[in-house]
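Just add 120 to wherever you are in the sequence shown, counting from 1, and you've got my numbering. By construction, the Cβ of each residue, glycine as well, lies at the ideal position given by its N, Cα and C atoms. Contents: one structure, followed by commentary.
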Amino acid sequence: MMEVEGSNTSMNRSPQSSFVRSKALYQFKQQKLPACKPVLTPTSVITVFMLMGFVFIPIGFVTLRASRDAIEIVDRYDVECIPEEYRTNKLSYITDSSILKNCTRYLKVQKFMKAPIFIYYQLDNYYQNHRRYVKSRSDQQLLHGQEYSHTSACEPEESSNGLPIVPCGLIAWSMFNDTFTFARESAKLKVSRSNIAWKSDREHKFGKDVYPFNFQNGSLIGGAKLDPKVPLSDQEDFIVWMRAAALLSFRKLYGRIEEDLEPGNVVVLNLMNNYNTYSFSGQKKLILSTSSWLGGRNDFLGITYLVVGASSIIISIIFMLLHLKNPRPYGDNSWNKKSLSS
């Protein structure tokens, strides 16, 4: 009975639709489907390169102008915040916990900076993209806490004193721990530290019920400590740090100044120079930056458009000169006429 029904079903199918499907499949396998194959003549190639240049160069100037509209104040403080007597041995200074690491810097505003003004810290010569460093974390532990016990990738920061470390791994252990406060004319500037991390990271990568446990309790302290009473999803400076950078020089968002800065204002920066970059010849910088419609200040995109546009125009001119000097002859069909006459 089952075979009869199956045969009836197959017989009810339209023979024409089956033929069309089989024909289309045959044409696809034999590469006989209709296709567009452009004929690249010298004139068309020269025209395409010329158009690319005329389009890319204006875009490059626009993006470069938008990038330059973002105002930046950059201050490298890792050298200036070392006392004179320790400048020949910076490592002993940064590793001595009995020495106060406070430092004061003065940043003068040259142009009007409209709020919000983004605060970044920049680390140079810091290989956060090292394979061993990047793998030294447990995403499942960050999301589920101590319930997830397979944290062998976090070694050597997997456990301490016989107890698991939450969050484990070298990335969390080496978290940036310099702190900054800002003032203008003895009045403290309002700095917002909320919403500095990606929303997707806060909601989906760090557990709302996961709290730091046994963190920075070993014999060797790496960087910042975390509040054991606050869940990881609410510790945004930690979430920002855990997104590993791809290059050896990188910036990470610290906060936002919610007040405008006028030309001539002097911003007093009080910082704690805690983070050890001296053992690997790293550099530390603080950046105050506004944003434009294109984002922060970054000339890379505009320069890339200009280079590609200029290169396209130069290539089109070279092709044009070669074509004028040695034009390609038209096809000779005389052999075809001879074969027909014979």
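Contact between I177 and L421 does not hold, since their C-beta atoms are separated by about 14 Å, which reaches or exceeds 8 Å. Excluding five sequence positions before and after E378, the CB atoms of its chain that fall closer than 7 Å to its own CB belong to A235, P236, K310, S312, given in chain order.
For I166, there is no enclosing beta strand (DSSP E); the residue is found in the alpha helix (DSSP H) stretching over 162–189. Out of A317, I359, C201, the CA that lies nearest to the CA of K404 is found in C201. Between the alpha carbons of Y206 and V388 lies a distance of about 24 Å. For the segment 351–421, the continuous alpha helix (DSSP H) assignments of 4+ residues that do not extend past its boundaries occur at 356–362, in sequence order. The alpha-carbon of R225 is positioned some 11 Å away from that of M392. With respect to the 7 Å criterion, N385 and V194 are not classified as neighbours on the basis of their beta carbons. A Cβ-Cβ separation of about 12 Å leaves G416 out of contact with I239 under the 8 Å criterion.
Taking a 10 Å sphere around the C-beta of G429, we find 16 or more other C-beta atoms and assign the residue as buried. Counting only runs of at least 3 residues, the segment 294–348 fully encloses the following beta strand (DSSP E) elements, listed from N- to C-terminal order: 299–304. Put simply, the backbone Cα of Y398 is about 52 Å away from that of V168. Short of 8 Å from the beta carbon of S369, and not among the five residues preceding or following it, lie these beta carbons of its own chain, in chain order: Q242, L243, D244, N245, Y246. A residue is called buried when at least 16 other Cβ atoms come within 10 angstroms of its Cβ; R252 does not meet this threshold and is exposed.
The beta carbons of H443 and P158 sit no closer together than 7 Å. For secondary structure counted as the alpha helix (DSSP H) over 4 or more consecutive residues, the segment 194–276 holds these complete runs in sequence order: 210–215, 251–255, 259–264. Proximity of the segment 295–307 to the segment 341–359 meets the contact definition, three or more beta-carbon pairs being nearer than 8 Å. Nearest Cα to L290 within the set I407, Q248, S436, I438: Q248. Taking the Cα positions, F174 is about 52 Å away from C274.
Under the three-state reduction of DSSP, V428 is assigned to helix. Under the three-state reduction of DSSP, L283 is assigned to strand. Taking all protein chains shown into account, R257 has 16 or more neighbouring C-beta atoms within 10 Å of its C-beta and is therefore buried. Proximity of the segment 314–325 to the segment 404–414 falls short of the contact definition, fewer than three beta-carbon pairs being nearer than 8 Å. P351 places its beta carbon less than 7 Å from that of K328. The beta carbon of C223 sits closer than 6 Å to those of C201, L391, N393, all from its chain and outside the five residues before and after it, given in chain order. Between I285 and F335, the C-beta gap is smaller than 7 Å, which places the two residues in contact. Distances from the alpha-carbon of L184 to those of K149, I219, L414 put L414 closest. By the neighbour-count criterion, in which 16 or more other beta carbons inside 10 Å mark a residue as buried, C156 falls on the exposed side. From the listed residues K149, G282, G265, L153, the smallest Cα separation to G338 is found for G282. From the listed residues F400, R141, R322, P383, the smallest Cα separation to I191 is found for P383. Note on geometry: alpha-carbon atoms of Y213 and I219 lie some 7 Å from one another.
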